[in-house]
Amino acid sequence: MSSLITEDEISHETELVWLEEIGPLDYVRQSLDRLPTRGGKPAYHRDGRMVGYARLSPKAKASRSSGTFRRRVFWLLPHDRDAEPDGLYAKGAPAEAVDPRTLAARVRGYKTERSEGGPPSTAMRELGITLPL
28 MSSLITEDEI SHETELVWLE EIGPLDYVRQ SLDRLPTRGG KPAYHRDGRM
78 VGYARLSPKA KASRSSGTFR RRVFWLLPHD RDAEPDGLYA KGAPAEAVDP
128 RTLAARVRGY KTERSEGGPP STAMRELGIT LPL
């Protein structure tokens, strides 16, 4: 889903709130959820766990039809690489996954060699980003 998120849809974000340390995570899943408020921790109704969410500025307008706000939520499922390093996503990542280090308010984020389960790229090494051992 990350490729489906446009800059316009996240243009009113003011910050990302992380509920846990993202340093050890190779990737997080992101989605745009319809939520009743601009800020505050949203309810979570998926398997797994929510690891973060976006807060919106007061200028963000609610949907005319539903009265909800589209906000990003970041999450992981029980079979994701952080819980099962040799499992389904030992290599590769789900379609909606992005490297959490590439995320910021109003920034979609992207997949990296790390999020895909591969070795660090030359750019990652030059920046001092290393894979967890």
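Note that the working numbering has the sequence shown beginning at 28, numbered continuously upward.
Glycine included, C-beta positions come from ideal geometry on N, C-alpha and C.
In this text, all values refer to a predicted model and were calculated from it rather than measured experimentally.
C-alpha gap between residue i and residue j, whole angstroms
{"i": "L46", "j": "R73", "result": "16 Å"}
{"i": "P105", "j": "D35", "result": "31 Å"}
{"i": "A70", "j": "R76", "result": "11 Å"}
{"i": "T95", "j": "R82", "result": "13 Å"}
Residue i CB to nearest heavy atom of the ligand ADP below 8 Å
{"i": "G119", "result": "The ligand ADP is absent from the structure shown, which contains no ligands of any kind."}
Outcome for residue i when other beta-carbon atoms lying within 10 angstroms are tallied against a minimum of 16
{"i": "R97", "result": "buried"}
{"i": "D113", "result": "exposed"}
{"i": "A122", "result": "exposed"}
{"i": "A131", "result": "exposed"}
{"i": "T64", "result": "exposed"}
Can you list, in chain order, the stretches of the beta strand (DSSP E) that have 3 or more residues and sit fully within the stretch 43-67? The qualifying runs are 55-62.
Only counting runs of 4 or more residues, tell me where the alpha helix (DSSP H) segments fall wholly within the stretch 78-102, in order along the chain. Runs of the alpha helix (DSSP H) inside the stretch 78-102: none found.
Taking 8 Å as the threshold, find out whether the stretch 119-136 comes into contact with the stretch 86-95 through three or more Cβ pairs. no
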